[in-house]
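These notes concern the structure reproduced below.
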Amino acid sequence: MIELSPHLGIRFQFDPERLRLFYPDGREFLESVERERPARDRIAKLEAKLRDTGIEPN
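Heads up, the final residue of the sequence shown is numbered 350 in this note's numbering, and it's a clean run with no missing numbers.
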């Protein structure tokens, strides 16, 4: 089922497992886990660089 907010222009799509939200331009809103993924990847890379120099990150 798909609904559209007439005031915000946001599209709501009800899937069996979850509610999906879309910006007026069609891009999907990201879940908090998806927003955090790039930061976690960056942290992992920086930790690896520290280990390569002999520093153990805490």
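Every residue, glycine too, gets a C-beta built ideally from N, C-alpha and C.
This structure is a prediction, so every number in the text was calculated from the model and none was measured.
Sub-7 Å separation of Arg303 and Phe321 beta-carbons = no
Measure the alpha-carbon distance for Ile347 versus Pro330 and round it to whole angstroms.
-> Approximately 23 Å between the Cα atoms of the pair.
Distance between Glu323 and Val341 (C-alpha atoms, nearest Å) = First, the residue type needs correcting, since residue 341 is Lys and not Val in the sequence shown. So the two alpha carbons sit approximately 29 Å from each other.
Which residue spans inside the stretch 311 to 340 form an unbroken beta strand (DSSP E) run of at least 3?
-> 311 to 314
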